[in-house]
Amino acid sequence: MEATIYSAPEHTVVESNGSILDPDYGVFVPHSLEDVQQDPSIIDTYYAQFGPTLPLLKKEAIEAANAEFVKAYNSKNAAGVASKYAEDAAAFPPDMARVDGRQNIQKLWQGAVDMGISELKLTTREVQESGDFAYEPGTFFLKAPGKDSKLVDQAGKYVVVWKKGQDGGWKLYRDIWNSDSGK
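With the working numbering applied, the sequence shown covers 1331 to 1513.
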């Protein structure tokens, strides 16, 4: 999915194929990116008028949240990555103990950045929702330092459980991943 991410003080929206998606709520907003950049409050006005009747587009919302996650990580912004997690989230990195809470997850991702892991890419395979939770299996690709400190390609898979917040937005709740062998 090719996307342009625009962040304003109150909103982050993603433009994809000429449409605007609000990843926090998983809905398409019928305004151009230019309009939103000039006046971010038009999103609030739109939600005030139509919010209760808007269908939530889970896969698109989660893909947009992943695009923000990847942008933050590839910008070496561990705080931005951690902001995508619920306060009570847990991560299950390979060959490590469980990591609980947003602050500790931020430290985990800062460690990955400091190690030189870069060029992260995520691909959502599917999204299924059940009440206030959704799960998302997918694949990842990244560059990681090898034995000689040169960057090598690494591919793997992940399963994420997303949790819907009181505001209707989705946050990472459980996150587990591992690398494919021989890659």
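Glycine is no exception: its CB is placed at the ideal position from the N, C-alpha and C atoms.
Counting the other Cβ atoms within 10 Å of the Cβ of D1505 gives 16 or more, which makes it buried. In the DSSP secondary-structure assignment, T1469 is bridged to T1453 and K1487. DSSP places R1428 in the coil class of the three-state scheme, outside both helix and strand.
Counting every other CB atom within 10 Å of its CB across the protein chains shown gives G1468 a total of 16 or more, marking it as buried. Collapsing the DSSP output to three states places N1407 in coil. When the Cα atoms are used, Q1496 and K1487 turn out to be separated by approximately 29 Å. Q1368 sits in a helix when the DSSP states are folded into three classes. Burial state of K1414 is buried, judged by a 10 Å Cβ sphere holding 16 or more other Cβ atoms. Q1436 sits buried, since 16 or more C-beta atoms from the chains shown fall within 10 Å of its C-beta. Under the three-state reduction of DSSP, Q1496 is assigned to coil, being neither helix nor strand. Per DSSP, S1460 is one residue of the beta strand (DSSP E) stretching across Q1458 to S1460.
Partner residues in the beta bridge of A1420, as assigned by DSSP, are D1430 and R1504.
Here S1509 is bridged, per DSSP, to G1486. N1434 has its alpha-carbon roughly 24 Å from the corresponding atom of D1462. In this structure, K1473 sits away from A1416, with a CB-CB distance that is not shorter than 8 Å.
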